[in-house]
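Residue numbers (my numbering), protein chains in the order written: chain F, 1 to 174; chain Z, 1 to 659; chain P, 1 to 99.
We put the beta carbon where it would ideally sit given N, CA and C, even for glycine.
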Amino acid sequence: MFLPNARTVIRGLLFAALISVAGSFPCLAGESGPVDEDALKKAWPSDGPQGELFHEVSSSLRCPTCTGISVLESDARFSQQIKSIVLEQVQAGKTREQILQHFTERYGPWILRSPPAKGFNILAWLLPLSILLAGPPAVWFFVWRKRRVVSTLGVRAADDIIKEMQARLEEMRA
Amino acid sequence: MLADLGFYLLLLCFLSTCYGVLSAVLAAYWRHRRLYRSSRLALTATCVMALSAAGLLWYLFFHRDYSVAYVFKTSSNDLPQIYTLTAFWSSLEGSHFLWTLLLSIYATIALWTYSRDNEHIMPYVSASLQAVLAWMFYLAISHSDPFLRMFPSAADGQGMNTLLQNPYMAIHPPTLFTGYTALAIPAAYSVAALGYGDITEGWLKTTRRWTLFAWCALTAGIILGGHWAYVELGWSGYWAWDPVENSSFIPWIFCTALLHSLVVQDKLGHLKRLSLILAFLAFFFSFFGTFITRSGVISSVHSFAESPIGPNYLAFLASMLLIVAVLYGFRAPSILPPEADKAWGVSKESALVITQFLLLTLAAIVCVGTLYPIISEAITSERTTVQAPYFNAFAPWIGLGLVMAIALGNMMRYQSAKIPHGAKLMTIAAVCAAPIAAVLIIGGDVMLTKKPFNLGAQLVGLCLCAWSACCLTGDLFLRIKDLRYKLGLFFTRNLAYFGGYVAHIGLIIAIAGFLGNYRGMQKVATLNQGESIDFYGYNLKFDEIKIAQKDNATLYQGFINVSRNGLELPPIHPARSKYPTSSNLNHEIALMSTFWHDLYVTLSDFDRDTGKKATFEFHINPTVRFVWIAAFVMVTGGLLAISDRYRGSKSRDAIRATE
Amino acid sequence: MIYLSVVISLILLSVLLAPFWLGRGGLLQAGSSINSPSELQAIKTALLKRYIDDELAFKSDNLSPLSWEQRKSFLTNRYIDASRRLDFLEHTQQSGGAL
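Put into structure tokens, the structure is as follows:
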């Protein structure tokens, strides 16, 4: 029935088995069940350098069970767990790179919301950049550099044809 | 029994459209009027039969006939009437059928409201539209049959996806699909022009109307979808660069680019081939989007099912592309520009080409980002993720370019390197823009942004938006002045220009609204009964969790008393809802919306025993309302441009001038 | 139910076949299937004659201003289309190439 597509996507990953027990849209709907007292007590910091680092890191990690949103925006159980780990590491004084490295080692680059510009993935960044940079010179070179002469194969402009038509009509009226 | 009748109707639709394609192709070849009229009637009959089948499906839904698999899957006895209506398109088979139904309706309208100027290409139009329809009906009867029976029948259904039980789902899919399917008509006219071998007079007028109509529907549909995500999903945003959203955005970009190339074609007769290509690609990508989201190739919040139709889609898309490419290869050489030599230089038409470039680059980036995970996995067999941060790295730059291009391009004139009163206009615009930008910056509390980059982006963005809007208004004033302030004459002759002005202002408002994303704030807090927190001038005091019943849902409502700067405001109730057919708790967000920002509150968790303690997420989302206003303004602009009766036939205007 | 299906099918069939007996027959507006310059010349002249006729009809009040406007733009558009086609054919014949 409505199994989440996320299932097929992350099949083979560490926590695939766990996900299959979760509901259809765990990322959005949260889960029912007994209340998690720990989660209730814990509130994510929103101010100060630690809060900023926490926000920055958790918004560049994807929610494993959802599509499109980060762990920061999601309250699915996995995202909550990831956020706890991020918070612990932030409080332990680790830097952004170290924390991201930690998650990349555990889950692969898949956990990052944008592909790291390394190896094959550099293509994902170079492609748009090259279009943006090479586009204007190409347009200039092919379109504006010279007066473009296109063969219209003898076909006249509509205005000329209308003139011809008016002339012939005058002739016929006379 | 009724379900069987529905299936039979779909089968007849398939046969009828197949006949329609055949007769239209022969009618084009022989120029046989009776054969063509028979083909048109085939499409009309298809439309009537598809409507009857849709009526039957709704009948089955309202009578809770769970012997039909689709009804069983997407509805249940507790479903309210309004959502029984929308359950029709809440899953794959139904949304596919809605697509087909709307396409048959608009195709029929297009064939009956044809202009006599286009009579000679109508058989081609009929053939292309019915070819697409025939394939859709083939899919409906083979792989996604909404009337599929189920034995034994059940007493209650599995229920509709609870996320879709939202009023916006009643109008968002039909609006968006209207846009997608209306794009079929410019595409069909392009194929017809290629089949005929020339763009004849009258082609532009019809194509322009349908493109504008599709553009309005797409704009409205996309923003309605964003609004649904904003109020239903509870993650406090309206756009996630999710594959489904992207696949609706790409056709919109192509449609916008097509409108701009049609403008050049209207004024100068150039960019004809580009228009043909863009019209086809806009429709192609609306199909392509359906393919990547419905076939399970990419997972997404919105892809509600997987089905075996993927390979079918791929085969169809490939053959559509191949046929049009071959046709283009043979016929494009006879689609000719009006003059042999053309100096593009610095001129309005060049500015429009730059706009095309920016729009198509954006489309390419969105496309690359959406498809990259598939490509990368196929080549390196390593999974990657491409989400918002990737798109957000590029989109603002394109947006910046577009704002500049809108301002400069509109002030320029065709075939002229000079901007009339250019320096004066831009200076006055800058002077007028300063107070507007100041109001936007102070009113929106922009200076509270902490990160220097985000602050700079907003300052530059808002100033440019204000300047660009002032330049546009200045140009509008110049045009009215050119007509000696005769407003009547202006609105009869230049309604299309005025529509464009309104739509561009709408886009600028939208961009100003998007800039608010740079300064969003959030706070998570666990509150006991009677505790309160201060957040961005708001004082929020938690009372308790109460249980309420609304339609078929049980709501766990958090009661929060709100005051701002000592002023008591109405209380808000962020809630979680539980539906009988699902074990999940959905978000029912609380929204306190003002002109400058939204206070957006979700209930994350709560103590289920006492209801005296709860965790909330508080968000301040600046200038979200700008985006909703912008959608309204843009669609109004599009509708104004459609209602212009003057535009579209150059020769007619030329005749008036000679008399 | 079987009867209903048969009835629907028969109605569909009769609708599809109706145009072959009812309504106006003949040829659709000329398309690029015309490959002879002389025929196009004839079409152009015929269009001009129709234009003059309609103009006379309009002047003698047999044609409403609105329908005269429509006739005029329709005939002009057809004239432009035919001329463009003719230009194209004459050019290809002159340069000796066949498309």
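| query | result |
| --- | --- |
| N-terminal and C-terminal residue of the alpha helix (DSSP H) that residue 64 of chain Z is part of | Run containing residue 64 of chain Z: none; DSSP gives neither H nor E here. |
| Distance between beta carbons of residue 221 of chain Z and residue 175 of chain Z, contact taken as under 8 angstroms | 4 angstroms |
| Residue-level contact to chain F via CB, residue 10 of chain Z, 8 angstroms cutoff | no |
| Interface positions of the segment 68–89 of chain F facing chain Z (Cβ-Cβ less than 7 angstroms), listed along the chain | 68, 69, 73, 74 and 75 |
| Inter-stretch contact (C-beta, 8 angstroms, three-pair minimum) for the segment 59–79 of chain Z and the segment 91–105 of chain Z | yes |
| For residue 280 of chain Z and residue 350 of chain Z, believed in contact at Cβ under 8 angstroms, the rounded distance | About 24 angstroms; that fails the 8 angstroms criterion. |
| Beta strand (DSSP E) runs wholly inside the segment 55–85 of chain F, at least 3 long, in chain order | none |
| Simplified DSSP assignment, three categories, for residue 557 of chain Z | strand |
| Listed by chain order, chain F residues near residue 357 of chain Z by CB distance under 8 angstroms | 135, 136 and 139 |
| Whether residue 192 of chain Z touches residue 124 of chain Z by CB criterion (8 angstroms) | yes |
| Nearest-angstrom Cα separation, counted from residue 345 of chain Z out to residue 511 of chain Z | 29 angstroms |
| Residue-level contact to chain P via CB, residue 174 of chain F, 8 angstroms cutoff | no |
| Residue 592 of chain Z, DSSP secondary structure in three states | strand |
| Counterpart residues of residue 522 of chain Z in DSSP-defined beta bridges | Z:619 |
| Residue environment, residue 677 of chain Z, which counts as buried when at least 16 other CB atoms sit within 10 Å | Residue 677 of chain Z lies beyond the stretch modelled for chain Z, which goes from 1 to 659, so this question has no answer here. |
| Per-residue DSSP class, three states only, for residue 95 of chain P | coil |
| Through-space distance from residue 17 of chain P to residue 164 of chain Z, alpha-carbon basis | 44 angstroms |
| Secondary structure of residue 376 of chain Z, DSSP reduced to three states | helix |
| Inter-residue spacing [alpha-carbon to alpha-carbon] between residue 24 of chain F and residue 232 of chain Z | Unreliable placement is indicated for residue 24 of chain F, whose pLDDT of 30 sits below 50; no coordinate value is reported for it. |
| Residue from Z:503, Z:309, Z:558 and Z:445 with nearest C-alpha to residue 529 of chain Z | Z:558 |
| Among Z:371, Z:331 and Z:133, nearest to residue 250 of chain Z - alpha-carbon criterion | Z:371 |
| is_contact[residue 200 of chain Z, chain P] using C-beta, thresh 8 angstroms | yes |
| Under 7 angstroms from the C-beta of residue 383 of chain Z: neighbouring residues of chain F | 108 and 110 |
| contact_flag[the segment 178–189 of chain Z, the segment 102–117 of chain Z] where n(CB pairs < 8 angstroms) is 3 or more | yes |
| When F:88, F:116 and F:68 are compared against residue 51 of chain F, the one with the closest alpha-carbon | F:88 |
| Proximal residues of chain Z, C-beta to C-beta of residue 42 of chain P below 7 angstroms | Correct list: empty, because the minimum Cβ distance to chain Z is about 16 angstroms. |
| Members of the segment 396–427 of chain Z near chain F, C-beta cut-off 7 angstroms | none |
| Neighbourhood of residue 71 of chain F by C-beta distance below 6 angstroms, restricted to the same chain and skipping five residues each side | 58, 61, 63, 79, 82 and 83 |
| Beta carbon proximity, residue 335 of chain Z to chain F, threshold 8 angstroms | no |
| Residues near residue 156 of chain Z in its chain [Cβ-Cβ closer than 6 angstroms; skip 5 each side] | 76 and 77 |
| Simplified DSSP assignment, three categories, for residue 542 of chain Z | strand |
| First through last residue of the beta strand (DSSP E) which encompasses residue 83 of chain Z | Unbroken run through residue 83 of chain Z is the alpha helix (DSSP H), 81–86; no beta strand (DSSP E). |
| Residues that residue 604 of chain Z contacts on chain F, provided the C-beta gap is smaller than 7 angstroms | 75 |
| Same chain, Cβ closer than 7 angstroms to residue 36 of chain F, five either side skipped, listed in chain order | Summary for residue 36 of chain F: the model assigns pLDDT 48, below 50, so the residue's position carries little reliability, and this model does not support an answer. |
| Extent of the continuous alpha helix (DSSP H) to which residue 39 of chain P belongs | 37–59 |
| Whole-angstrom distance between residue 338 of chain Z and residue 43 of chain P, CA atom to CA atom | 22 angstroms |
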